[in-house]
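Residue numbers (the numbering used here), protein chains in the order written: chain A, 31 to 174; chain B, 194 to 268.
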């Protein structure tokens, strides 16, 4: 899937690099969304999938590693949403987002992804994201 | 009423959900959170939800009434 940091995610990274503020370790959660939250989106403005069976999933990141001109981290666990027993087949999951709270709208939305093919789960379906399926990276551009 | 950290077993007679990804009867879960109906990040019913998770971190939500009938607290 294609992903990017949000402005909030980039700010947290830059603040940590420059020492402006320290970023404490915390559990992050992957959300399923029905629209792009955009780079300036927040947990309060994102449009999250909702159905009985749905819950945000804990995201276990790898240590950053080199990938071309980037440093990259990705999920080390298979992530499964569901079983979505209340799904109707009428609502499409189009995007994923990484947030800092298991529920609610308070917290940080730090990264977003567009899924390769949207999915409209039927009742009882589960949606899985493979290991390394969602990654976040920062460019380490060579000096000119 | 379930509380965060309580241990339960999915004890219904049939697997939960469709394959692939169904949950087998006998699966042990821990209550992550009881979520009021109007809180984002779980189900969309008017009923409060219980979010349960397995030992490997997979989580799902279930309405309180269904939870009471399909999940058994471990002694």
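Every residue, glycine too, gets a C-beta built ideally from N, C-alpha and C.
These figures come from a predicted structure and were not determined experimentally.
- Judged by beta-carbon spacing, residue 123/A lies within the 8 Å limit of residue 62/A, meaning their Cβ atoms are closer than that value.
- Three or more beta-carbon pairs separated by less than 8 Å link the stretch 66 to 83 of chain A to the stretch 124 to 132 of chain A, which places the two stretches in contact.
- Taking each of 173/A, 171/A and 151/A in turn and checking the Cα distance to residue 213/B, the smallest one comes out for 151/A.
- The beta carbon of residue 260/B lies closer than 6 Å to those of 243 in the same chain, with the five residues before and after it left out.
- Chain A has a Cβ within less than 8 Å of the Cβ of residue 252/B.
- The beta carbons of residue 47/A and residue 143/A sit about 23 Å from each other, so the pair does not count as a contact at 8 Å.
- Between the beta-carbon of residue 203/B and that of residue 222/B there is about 6 Å, and that keeps the pair under the 8 Å contact cut.
- Within 8 Å of the CB of residue 244/B, the CB atoms of chain A belong to 85, 132 and 133, in sequence order along the chain.
- For the stretch 140 to 170 of chain A, the residues whose beta carbon sits under 7 Å from a beta carbon of chain B are, in order, 154, 155, 156 and 158.
- For residue 155/A, the closest of 210/B, 234/B and 252/B by C-alpha to C-alpha distance is 210/B.
- Scanning the stretch 224 to 250 of chain B from its first residue to its last, the whole beta strand (DSSP E) runs of 3-plus residues come out as 242 to 246.
- Its Cα nearest to that of residue 145/A, the residue 66/A stands out among 96/A, 168/A and 66/A.
- Here residue 99/A is near residue 170/A, since their CB atoms are less than 8 Å apart.
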